[in-house]
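Report on the following structure.
In full-length UniProt numbering, the protein residues as written are 1 to 113.
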């Protein structure tokens, strides 16, 4: 007997602004542009694409295209969608491994003329 499965859609579970913000924050931390685009798409679908499209001034179809699997939205489009979602971007320093101390340059001896 075959196992019956149903498709999983994260948009069905992102029902609070806090959960949506955490979802996008986790995507941003990966640094993967396609994953970030897909995550913004998922949250936009959770809120309702028609509502987000109206807020951004884009057509619903244009929004689906920009945030779709082959989409490559401009940064201004992404900012507009995030703003429509009630979200903003922030910057913070990345944690880095301690680097080796830099070698200081030795002063050059001046040439006497």
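Ideal placement from N, C-alpha and C gives every residue a C-beta, glycine not left out.
Assignment of residue 87 by DSSP, reduced to helix, strand and coil, places it in the coil class. Nearest neighbour of residue 85 by Cα position, chosen from 70, 94, 52, 64, turns out to be 52. In this structure, the beta-carbon distance from residue 37 to residue 67 falls below 7 angstroms.
Each of 29, 24, 7, 9 was checked against the Cα of residue 94, and the nearest Cα belongs to 29. Here DSSP, grouped into helix, strand and coil, assigns residue 13 to coil.
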